[in-house]
Amino acid sequence: MQSEMESIIKNNTWTLTELPQGCKRIGVKWIFKTKRNENGEITKHKARLVAKGYSQKEGVDYAEVFAPVSSMDTVRLIIGLAAHNKWKVFQLDVKSAFLHGHLTEEVYVAQPEGFEVKGKEHMVYKLHKALYGLNEQTLFTKGGTNGRILIVSIYVDDLIFTENDHELMIAFKNSMLREFDMTDLGLMNYFLGIEVIQNEEGIFICQRKYAEELLKRFGMQDCNPVLCHVLPGTKVDKDEEGKLVDETLYKQIVGSLMYLTTTRPDLMFATSLISRYMSMPTEMHMKIAKKILRYLKGSNKFGILYKRSESGGVLVAYTDSDYAGDLNDRKSTSGYVFKFSSGAVAWTSKKQPIVSLSTTEAEFIAAAVCTCQAIWMQRILKELGHDGEKCINIKCDNSSTIKLSKNPVMHGMSKHIDVRYHFLRNLTKKGVITLVHCGTVDQVADIMTKTLKTDSFIKLRDALGVCSIDKSLSIDPYTQQCVVLIPLVCDAIVKCMFLVIMISSAGFL
0 MQSEMESIIK NNTWTLTELP QGCKRIGVKW IFKTKRNENG EITKHKARLV AKGYSQKEGV
60 DYAEVFAPVS SMDTVRLIIG LAAHNKWKVF QLDVKSAFLH GHLTEEVYVA QPEGFEVKGK
120 EHMVYKLHKA LYGLNEQTLF TKGGTNGRIL IVSIYVDDLI FTENDHELMI AFKNSMLREF
180 DMTDLGLMNY FLGIEVIQNE EGIFICQRKY AEELLKRFGM QDCNPVLCHV LPGTKVDKDE
240 EGKLVDETLY KQIVGSLMYL TTTRPDLMFA TSLISRYMSM PTEMHMKIAK KILRYLKGSN
300 KFGILYKRSE SGGVLVAYTD SDYAGDLNDR KSTSGYVFKF SSGAVAWTSK KQPIVSLSTT
360 EAEFIAAAVC TCQAIWMQRI LKELGHDGEK CINIKCDNSS TIKLSKNPVM HGMSKHIDVR
420 YHFLRNLTKK GVITLVHCGT VDQVADIMTK TLKTDSFIKL RDALGVCSID KSLSIDPYTQ
480 QCVVLIPLVC DAIVKCMFLV IMISSAGFL
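Taking numbering that gives the first Met the number 0, the leading residue of the sequence shown gets 0, the next gets one more, and so forth.
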């Protein structure tokens, strides 16, 4: 608390003054948090002074709260770019929540509990800078001579950065430490609950610790693992006649799995599927949710490995849809996957907002959604100084959709499609994107739209760059074989010793 107050004073955040007539003060409160590393060990105790947001009124100032948050797609893209170029990613942590976000209006807050000025307890602080007041931009780049570049991404008060010039990085870090009270965390190894391993092989991200805590939280730590979560033929609907289960527990499982999809694209479709039944879930829905946890039990060390790509760091997109897959409203499911530096950097699995009348229409809508993401990611890569292809290839396994994207003629299969989806044709004509046909067996986005056989699921999971943490640590085959054999040998020895004891006790020895 003392450290937080010293940081606030140092940054000239406020001035003690009398509360003007007609003005109201905003209350403040202390928030305490124990910070832990990837091993669960305590690294520090943190105190934050925050405004009481619940004092705001809807329609007046309820929405006037902002904290800059980088998209996880951007974070993964930065990590993928760093891995491709064999750069290192570093991390800084801002000690104080009051930064250089200057206010344009007058805001008064109460004096913090425990730090009231004696004799002036009735006075208030006039804020000069905002709580969590960073600028709304969350991605910054700085160029230099000879192709030098520094990339900085902000997530509230955590900063990650990478560069291709050591001097540029040192200058940036020193300037930040002079300007703010910051903690230099060195190489990025634990960020927002994500474990990061950086070595010669590449950069590996996972949520192993969170996955283990999740299994323990829901009593599934000793369950039997499975190789695939939702098998083909599994019918999921509202199950209106089914027996209801604890709705709160079900929502907790779904919410926890949603956060886990930050590094686990192989969980995306299954989690999206069960999230459709948050209201009045039944035993059928809970059974599928627990099946996902059983899959997680056998893959809790899985994550994404980014390494230098042989294709030269090209952004490739895959788009797919499952026609009329929802059994209740017959809406289709759109899915896309973007790969960069041998691993997936962006993905989604989402039910379409309208009912499609044909497979072509469903695939065309999915491709249009994928195109929006492609344009945005292409701009991000350009900002990051990566000279990629001017035209992004989007791989689709539906020939009719590819023809429709190039053919402006309206016919029975397309004249009813919403106009907003036809901008795909304009972008194809301009050469911004190109729909390329790929075989169904190589369609990576299949894993985002439908249930798959176990062998197909594992093949597409590998194509996403999802692997075990052991692979990222480059364990050689001999060591890996020993790791597998040692428990078996020990078990055999124990059984032999038990047999000897039994024979001995029987008087045969």
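Just so it is clear, CB atoms sit at the ideal spot from N, CA and C, and this is done for glycine as well.
Can you tell me which of the options puts its alpha carbon nearest to the alpha carbon of residue i?
{"i": "THR262", "options": "LYS250, ILE78 and CYS227", "result": "ILE78"}
{"i": "ASP469", "options": "GLY146, GLU17, SER174 and ILE204", "result": "ILE204"}
{"i": "GLU194", "options": "ALA210, SER278 and LEU76", "result": "ALA210"}
{"i": "ASP319", "options": "ALA361, LYS300, TYR294 and SER355", "result": "ALA361"}
{"i": "ALA81", "options": "THR400, GLN197 and SER278", "result": "GLN197"}
{"i": "GLU162", "options": "LEU15, GLU199, LEU186 and PHE337", "result": "LEU186"}
{"i": "ILE374", "options": "VAL431, ALA366, ILE353 and ILE252", "result": "VAL431"}
{"i": "SER308", "options": "THR73, VAL108, THR12 and ALA462", "result": "ALA462"}
{"i": "LYS523", "options": "PHE456, TYR107 and ASP441", "result": "Since the first and last residues shown for the chain are 0 and 508, residue 523 lies out of range."}
{"i": "GLU17", "options": "SER2, GLY39 and LYS119", "result": "LYS119"}
{"i": "SER255", "options": "PHE217, LYS237 and PHE268", "result": "PHE217"}
{"i": "GLU531", "options": "SER404, LEU191, ASP236 and LEU91", "result": "Since the first residue shown for the chain is 0 and the last is 508, residue 531 is missing from the structure and cannot be characterised."}
{"i": "GLN442", "options": "ILE457, ASN406 and ASP396", "result": "ASP396"}
{"i": "GLY312", "options": "PHE337, SER333 and TYR294", "result": "PHE337"}
{"i": "ASN327", "options": "ARG275, PHE301 and ARG378", "result": "ARG275"}
{"i": "VAL354", "options": "VAL88, ALA365, GLU282 and VAL244", "result": "ALA365"}
{"i": "THR247", "options": "TYR335, LEU176 and MET285", "result": "MET285"}
Would DSSP call residue i helix, strand or coil?
{"i": "LYS399", "result": "It is Ser, not Lys, that sits at residue 399 in the sequence shown. The answer is helix: DSSP assigns SER399 an H, G or I state."}
{"i": "ALA109", "result": "coil"}
{"i": "PHE179", "result": "coil"}
{"i": "SER174", "result": "helix"}
{"i": "SER152", "result": "strand"}
{"i": "HIS44", "result": "strand"}
{"i": "ILE393", "result": "strand"}
{"i": "GLY142", "result": "strand"}
{"i": "LYS208", "result": "helix"}
{"i": "SER467", "result": "strand"}
{"i": "ILE196", "result": "strand"}
{"i": "LEU133", "result": "With a pLDDT of 37 at LEU133, under the threshold of 50, the modelled position of this residue cannot be trusted; read the value that follows with caution. Reduced to three states, the DSSP call for LEU133 is coil."}
{"i": "PRO19", "result": "coil"}
{"i": "PHE268", "result": "helix"}
{"i": "PHE190", "result": "strand"}
{"i": "THR233", "result": "coil"}
{"i": "ILE8", "result": "helix"}
{"i": "LYS32", "result": "strand"}
{"i": "THR281", "result": "strand"}
{"i": "CYS369", "result": "helix"}
{"i": "PHE114", "result": "coil"}
{"i": "GLY297", "result": "coil"}
{"i": "LEU459", "result": "helix"}
{"i": "SER404", "result": "helix"}
{"i": "MET376", "result": "helix"}
{"i": "LEU383", "result": "coil"}
{"i": "GLY39", "result": "coil"}
{"i": "GLU239", "result": "coil"}
{"i": "ASP441", "result": "helix"}
Taking 7 angstroms as the CB-CB cut-off, is residue i touching chain C?
{"i": "ALA366", "result": "Absent from the structure: chain C. Only one protein chain is present."}
Buried or exposed, going by whether 16 or more other CB atoms sit within 10 Å of the CB of residue i?
{"i": "GLU5", "result": "exposed"}
{"i": "LYS28", "result": "exposed"}
{"i": "LYS290", "result": "buried"}
{"i": "ALA444", "result": "buried"}
{"i": "LYS125", "result": "buried"}
{"i": "CYS371", "result": "exposed"}
{"i": "PRO476", "result": "Its pLDDT being 39, under 50, PRO476 is placed unreliably in this model, and the value from its coordinates should be taken loosely. Exposed is the call here."}
{"i": "GLN20", "result": "exposed"}
{"i": "MET277", "result": "exposed"}
{"i": "LEU15", "result": "exposed"}
{"i": "SER398", "result": "exposed"}
{"i": "GLY113", "result": "exposed"}
{"i": "PRO280", "result": "buried"}
{"i": "THR439", "result": "exposed"}
{"i": "SER174", "result": "exposed"}
Looking only at DSSP bridge pairs, what is residue i linked to?
{"i": "ALA50", "result": "VAL27"}
{"i": "ASP92", "result": "ASP157 and THR182"}
{"i": "GLU162", "result": "LEU149"}
{"i": "TRP13", "result": "LEU126"}
{"i": "ARG263", "result": "According to DSSP, ARG263 bridges with nothing at all."}
{"i": "GLU246", "result": "Its beta-bridge partners do not exist; DSSP assigns none."}
{"i": "ILE202", "result": "GLN197 and TYR305"}
{"i": "THR73", "result": "Its beta-bridge partners do not exist; DSSP assigns none."}
{"i": "VAL516", "result": "Nothing about residue 516 can be reported from this structure: the residues present for the chain run from 0 to 508 only."}
Any heavy atom of the ligand SAH closer than 6 angstroms to the CB of residue i?
{"i": "LYS350", "result": "The ligand SAH is absent from the structure shown, which contains no ligands of any kind."}
Open item on the list: So within the segment 300 to 355, which uninterrupted alpha helix (DSSP H) runs reach at least 4 residues, ignoring any that extend past its ends?
Closed with: For the segment 300 to 355, not a single whole alpha helix (DSSP H) run of length 4 or above is found.
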